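Mind the numbering: the sequence shown is residues 1 to 67 in the working numbering, read in order. Think of the CB as a built atom: it goes at the ideal place given N, C-alpha and C, for glycine as much as any other residue. The structure displayed is predicted, hence computed values, not measured ones.
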Amino acid sequence: MGNIVERLTNLDYFIVVAYLVILMVIGYRASFSKRNTEGETLFLANKSLNWSSIGFNMWGTNVGPSM
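So, in structure tokens, the structure goes:
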């Protein structure tokens, strides 16, 4: 069984490069979008979460991978 790099084709390299370019475009667009990004609205989710969502998030944070 040979080295995996020797078995890669041009299509494989193209797919990896296309994936990275798409990720960078999404990140660029998300970082420069014109949204309300005040600290309070980001921290409190604009006070739009209900009690069950907050409760499950707290439970998941406390339980985490220790279970």
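Coarse secondary structure for residue 32, derived from DSSP in three states: coil
Measure the C-alpha to C-alpha separation of residue 38 and residue 58 and round it to an integer number of angstroms. 23 Å
Reducing DSSP to helix, strand and coil, say where residue 6 ends up. helix
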